[in-house]
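Chains as they are written, first to last, in our numbering: chain G, 20 to 316; chain W, 280 to 612; chain V, 2 to 632.
Just so it is clear, CB atoms sit at the ideal spot from N, CA and C, and this is done for glycine as well.
All of these numbers come straight from a predicted model, not from anything done at the bench.
Down below is the structure, laid out as structure tokens.
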Amino acid sequence: MAAWNDLLAGIGRVLLGKEHPVRLALACLLAGGHLLMEDLPGTGKTTLAEALARSYGLAFKRVSFTSDLLPADLTGINVLDPASGHFRFQSGPLFSQVLLADEINRASPRTQSALLEAMATGRVSVDGISHELPVPFMVIATQNSLDQVGTSPLPESQLDRFLMRLCLGFPERDAERALLSGQALDLGAMVAAGQPEDLLSLRRRCRQQHCSPALIDYLLDLVAASRAPDRPGAPLSPRASQGLLAAARAWSLLEGRDFVTPADVQAVFSAVAEHRLDPAGGGQLSRALLETVDAIR
Amino acid sequence: MRSAEGGDGSGGTGFGWPGRFGRVQQGERLQLRLRNLYILPTSFGLLWLGGALLLQLVGIQTQRNGPLLLSFLMLTLQLLALHLTHCNLQGLELECARSEPGFAGEPLTYPLLARSRHARNAIRLRLAGQPAAVRSAPPRRIPAGTSSIELPWRCDQRGLRAPGLLLISTTAPLGLFVCWSRWAPAARQAVIPARRPGPVGRAAPTGTAAGTAEAGAWSEGSEHWHDLRPHRPQESQARVAWKALAQGRGRLSKVFLDPVGEPPLLMPAAGVEPERALQHLAAEVWLRSRRGEAYGLVLTHQRVPPGEGRQHRNRCLLALATAPPRTLPSIPG
Amino acid sequence: MFRRPPAESSLPPRQLQWMAMAALAAGSVGLDPTWLLGVLTLALLLLAALKLVEARDRGGRRLVSLLQLLVCGLQAAQLPDLLPSLVQLLAAVLSLAGLLQLESGLATPWRRLLRQSLQVLAAALPMALVLFLLVPRLEPLTAMPAGPTGRAVTGLSADLDPGSIATLVDDDRAAARVAFGDDRPPPAEQRYWRVLVHERFDGRRWQRDDEDEELLRREPGATEADTGLGSTPEAAENRDQVWLAEPSRFTAVPWDGRGGSADPSLRLKPDGELRLLRPPIERRSYRLRPTAAPLPWQRRPPSPEVLTLPAGTNPRLLTLGRRWGQLPDPAARVAAAQAWFQAGGFRYDRRPGALPERNGLDVFLFESRVGFCGHYASAFSALMRAAGVPSRTVSGYLGGNWVVPVGGASYLELRQSDAHAWSEVWLPDRGWLRVDPSGWATAAAGEGPAAAAERADTPQAQGGWRWLQRQWWGLDMAWSRWWLGFDSSRQEALLAWLLGGRRWALGLVILIGVVLGLVAALVPWQLRRSRPRRDRTARDLANLLALLRSLRLEPEPGETLEALCRRAGQAYPSLAAPLSELASSHAQRRYAGPHGRHRAAQQATTRWRRSLRQLKQARSSAIRQASGSGP
């Protein structure tokens, strides 16, 4: 598993002191999910997104979501070609492999839903003609959790489409000291761990990670606990449990095992479940859930 | 509330004995025990007894041990089945769970929580007064521990409704006896008026007088096409009005507007039959929440301030479900 | 319009019930379709099969299982032998499994179903046995109609006509088997097993009474003396005989002429034939008990028929017999005949050639003087009649082969080649007396009755097939002795032993037995259900947790084993290494996939054991340190 460690160390040198979120983001990439990051500006969201894209040499695009951003600005439009007199599809920034949707909550609901639909279906439809998005395709959306004035926060039902929500938070004192003393590596100096095809084969391997009945039971118990009648927060949906399993599989692959254990589930649980349990939550509900289910079995 | 005995289902083909006999238990919880379980042989059990007696006769007549032993075996199996069938239900705990609101006239699920120390096979849970397709649900297995059960049912009237009489029965393991209990779960499920698109009224933000829907301000945005203006090079190509370009009117940009100001407050439309108005409101709320729009709701008994999201939608729909009948606000002209 | 109702969607597949059907069909092979019970069984089987094809709901499928059990019981009534019984047991288990499957859902695997049905059977069996052993048996309500006699079977023939047989064919097929209560064979000179008694003589052949005339039903006025086989007190020596007779043409079955029985289907004719009122084309089994006193047939005065000799046949025989008739003492006449035969140079031969139609016995006695048992018995009985001594011929079996199989009961094996004929004479003071004139002839080596008796107990080298057959028959014999032997007389003995004279307590005893059986069946059932099944990994894990608990380390809510072990390792650094090893081997055992499972799982288990040992050692030292450093 040297490749992982190299890769994680590489990203870690770009993004100092964030091993756990980086690992989670990489798991999200391996599991084939989309990532939502909620943080203050300047905490390294963009850097992380770009580092992820570079790790497997994926085509990276960045769109700043503003209130006047149109769906067509994302998907692309049919442009009249004056020479031939025909319309020609000019693809928008969605046609990339890693798309950073910066401050997604600033865009109008219509634009948001165009993006989310593309995330769910893997294709966009312009003037009745559908266009396939490239594979792999990952959206990393960021949300500014403080500055909510004049924004349209993602509705709960749309939050479900993101596999994980991460909060990078402030770096620790030592990490920030290292940052200030210029020890952080430049993004351009990062070495890719492989080609996009390598990522696809890793995703296949990820899906083959073994899940024993005991593990599935543990996962089901967690989900069932979230659906108990007197528990605060929204119950976890079947899509949430699927995502939880996929993320735990990716995590176990990162751990260098070929089977999943409850520890893997616990490691990803907060990132996968919290935004579904409580859109404004900071992790309390998912931690409380983990404590209700016996993990030693 | 609809009477359990009133529907066409109880005492119909699917129920047999258990539909008619035994005291109906009330409350949100039911623990099955000796006092509230009833057991009787099935018709197959009676046939089985007849078969055992026939073999007894054959054994006596031929003076052979085989049929005698088999006949005694069948009799003792019957005795055993009496207890096993009873044990299959005894100790099972059922409890009403938190139910999700559902629409009238559409399939609803009434959630229950089952608690059992061991797995139980072939338990039938049937609601009286439900259509045959719902009634003939296959027997289900209840695993050890706590598990959730979803009972399918339909209800045609809105309001907080209980599903009526629930019949819990089993014939496992041999089908010789049927053991049952009758329970009217007390927890009521919110049944929202059926969704029927139609006119809805709008209340002014102050909520006293009725206003028109089109009132309100707009600001530049991306929702509604408003106007054209000359295209500036730094603007996205997506804004170019290609039609105008093709017509030779030059490069023009589309201008979009977003509605600004207070989201609409929905209320029953005037001049529509009250129940029907509620149905239109349910359809409207559903549609707006699908579109991610903000809205509020004004009813006589409740006023839901504008908002959006699932919880808001549920609050509105719940308010529609629980609106007191016949006291809906009457709207002048 | 009649329309079939739609099939119930959640019904399990039919395979299991078809398998039961196949077992029942296999078990029907030995049934006799001309007997009422056989017809009934086959009709029910057919009905069950048709029902299974068309059944579309649970009720119909249940009915199939019930019909299958009924067919099973009917088969058990007709085919009680070991092999059919095993097939019937299989069919019963399968049909019960089919019934269980109807209730336990689609996903239950067959093996689990079969195990469940065996469990249910095992739970019900004690109670069933209590009832079976203790509930008093009833007499048959009406006599069963006799079975057919149409099937061609080999064996003894109704007429003894030795003159028409040129060569005695060696038929090696089985005739009957008998086992004895004490597992010892009877002495060789007592192994005369009588079957048919021939009293009517037409000058050439000896005939017996027709089967039609027999007393199939007990006449209203008939007494015990007529049948002669009242229930006799248990004899001092335990020489119960369990007989298994192969199919034959006659209801008459082999016996030693001395046994008694309480079996109501056994009837003793006045001439000493034992008849079993069952279809002779089945394999029949019956049980005889030796009696000390002679049976009535031995004392019954002869009818005039046993002195008749047709006039004008065999004149020389007649002359010789009349000469002996002048001796006053009938016993002296028999002795004179014996002396005459022994001095006459008679030779025993299985291929004597046919005798002429007229005066055949004269030719045999005075010219050829070569013949087999039939010739001697026939000629001697005719001579005795001429001498005025009531006599008749008896055909049956002589000798038999004593077989001691590896498993099961030892038994005496009678084959058709053991068929024999002898004479019986009536002496006024001694009753009917067996005389075997074949023994008076000189026999070539390996022939004759003496040789038959000698041959009986010497082990014979006959192929592996015969050996296998004998082993199986030994098991079959043990089964018959045990299973068929439990009849109402046995039950009486059991009840007498259990209750003494207090028969009124029988109901109470049965009730207590059934209740105890029910409790014994239900308590383990409940216990097993209330305690979840734990595998080895779970037990090992529980041990580890108990160990950690003894170090005052409880798992926190939601904590994984890895985290717990890490925490424990921080608290007790000396335990850290084995604990982390334990956590990882547990994860391997519990959560790893099946590929390469065997080796990996074994390695993980070994690793677990080793680490646990290390942990225990480290723990004891840690505790010592803690107590040493403590206050």
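* Asked: Sorry if obvious, but does the Cβ on Glu310 (chain G) come closer than 6 Å to a heavy atom of the ligand SAH?
  -> Questions concerning the ligand SAH fall outside what the structure shown contains, since it holds no ligand whatsoever.
* **Interface flag, Pro346 (chain W) vs chain V, CB-CB below 7 Å** => Chain V, which has a Cβ nearer than 7 Å to the Cβ of Pro346 (chain W), makes this yes.
* Collapsed DSSP secondary structure at Glu307 (chain W) in the structure displayed -> coil
* To do: Using a Cβ cut-off of 8 Å, pull out every chain G residue sitting near Leu319 (chain W), in sequence order please.
  => Per Cβ cutoff of 8 Å: no residues; Leu319 (chain W) is ~35 Å from chain G at best.
* At a cut of 8 Å, does the stretch 366 to 384 of chain W reach the stretch 456 to 475 of chain W through at least three beta carbon pairs? -> Per the Cβ contact rule, the stretch 366 to 384 of chain W is in contact with the stretch 456 to 475 of chain W (3 or more Cβ pairs under 8 Å).
* Asked: Buried or exposed: Val479 (chain W), going by 16 or more other Cβ atoms within 10 Å of its Cβ?
  -> buried
* Asked: With 16 as the cutoff for other CB atoms within 10 Å, does Ser200 (chain G) come out buried or exposed?
  -> exposed
* Where the beta strand (DSSP E) containing Glu414 (chain V) begins and where it ends -> Tyr412 to Arg416
* Asked: Counting only runs that start and end within the stretch 515 to 567 of chain V, where is the alpha helix (DSSP H) found for 4 or more residues in a row?
  -> 537 to 551
* Residue burial classification, Leu278 (chain V) (beta-carbon count within 10 angstroms, cutoff 16) -> buried
* Helix, strand or coil: which one does DSSP assign to Asp363 (chain V)? -> helix
* Going by beta carbon distance, what residues of the same chain come within less than 6 Å of Ala294 (chain V), once the five residues before and after it are set aside? -> none
* Would you mind giving the Cβ-Cβ distance between Leu373 (chain W) and Met353 (chain W), rounded to the nearest angstrom? I have them listed as a contact below 8 Å. => 33 Å between Cβ atoms; not a contact.
* Asked: Which residues in chain V sit within 7 Å of Trp327 (chain W), going by Cβ to Cβ distance?
  -> Leu67
* Run down chain G in chain order and give the residues with a C-beta less than 8 Å from the C-beta of Glu560 (chain V). => Ala314 and Ile315
* Asked: With 7 Å set as the bound, which would you pick, yes or no: does the beta-carbon of Pro454 (chain W) sit closer than that to a beta-carbon of chain V?
  -> It is Gly, not Pro, that sits at residue 454 (chain W) in the sequence shown. By this cut-off, Gly454 (chain W) is an interface position.
* Runs of alpha helix (DSSP H) lying entirely within the stretch 310 to 354 of chain V, each at least 4 residues, in chain order -> 316 to 326 and 331 to 344
* To do: Using the DSSP secondary-structure output, state which residues sit across from Lys37 (chain G) in a beta bridge.
  => The partner list for Lys37 (chain G) (beta bridge, DSSP) is empty, contrary to what the question assumes.
* Looking at the C-beta of Leu101 (chain V), does it have a partner C-beta in chain W at a distance below 7 Å? -> The Cβ of Leu101 (chain V) sits closer than 7 Å to at least one Cβ of chain W.
* Leu101 (chain V) vs Gln117 (chain V) beta-carbon contact at 7 Å -> Leu101 (chain V) is a Cβ neighbour of Gln117 (chain V), given a cutoff of 7 Å.
* Going by other Cβ atoms of all chains shown within 10 Å of its Cβ, with 16 needed for buried, is Thr459 (chain V) buried or exposed? -> Only weak support exists for where Thr459 (chain V) lies, its pLDDT of 49 falling under 50; the coordinates are left without a value.
* Asked: At which residues does the beta strand (DSSP E) containing Ser118 (chain V) begin and terminate?
  -> First-last for Ser118 (chain V): Trp111 to Leu135, but that is the alpha helix (DSSP H), not the beta strand (DSSP E).
* Check whether the Cβ atoms of Gln177 (chain G) and Ile123 (chain G) sit closer than 7 Å, and answer yes or no. => no
* Got a sec, what are the start and stop residues for the alpha helix (DSSP H) Asn124 (chain G) sits in? -> Counting along the chain, Asn124 (chain G) falls outside any alpha helix (DSSP H), and DSSP gives it neither H nor E.
* With 7 Å as the threshold, decide whether the Cβ of Arg377 (chain W) is near any Cβ in chain G. => Under the Cβ distance rule, Arg377 (chain W) counts among the residues neighbouring chain G, one pair being separated by less than 7 Å.
* Could you run through the stretch 225 to 248 of chain G and flag, in chain order, every residue whose CB is less than 7 Å away from some CB of chain V? => When C-beta distances to chain V are compared with 7 Å, the residues of the stretch 225 to 248 of chain G below that value are His229, Ser231, Ala233 and Leu234, in chain order.
* To do: Taking C-beta pairs closer than 8 Å, name the residues in chain G that Gln516 (chain W) reaches, listed in chain order.
  => Ile96, Val98 and Gln109
* To do: Please report how far the alpha carbon of Gln208 (chain V) lies from the alpha carbon of Asp363 (chain V), in whole angstroms.
  => 19 Å
* Asked: For Lys270 (chain V), is the classification buried or exposed, using 16 other Cβ atoms within 10 angstroms of its Cβ as the cut-off for buried?
  -> buried
* To do: Inspect the CB distances between the stretch 203 to 216 of chain G and the stretch 30 to 48 of chain G and report whether three or more fall short of 8 Å.
  => yes
* To do: Could you tell me if Glu274 (chain V) is buried or exposed, where buried requires 16 or more neighbouring beta carbons within 10 angstroms of its beta carbon?
  => Answer is buried; the Cβ neighbour count reaches 16.
* Of the residues that make up the stretch 272 to 286 of chain G, which ones have a beta carbon closer than 7 Å to any beta carbon in chain V? -> Asp277, Phe278, Val279, Thr280, Pro281, Ala282 and Gln285
* To do: Please list the partners that Leu359 (chain W) has in chain V, where partner means a Cβ-to-Cβ separation under 8 Å.
  => Val121, Ala124, Ala125, Met128, Leu519, Ala522 and Leu523
* Asked: Looking at the C-beta of Ala91 (chain G), does it have a partner C-beta in chain W at a distance below 7 Å?
  -> Using a CB distance cut-off of 7 Å, Ala91 (chain G) counts as an interface residue toward chain W.
* How close, in whole Å, do the beta carbons of His559 (chain W) and Arg530 (chain W) come, if the pair is a contact with beta carbons under 8 Å? -> In fact, because the Cβ distance is near 44 Å, the residues do not count as touching under 8 Å.
* Asked: Going by the CB atoms, is the gap between Val426 (chain V) and Val307 (chain V) shorter than 7 Å?
  -> No.
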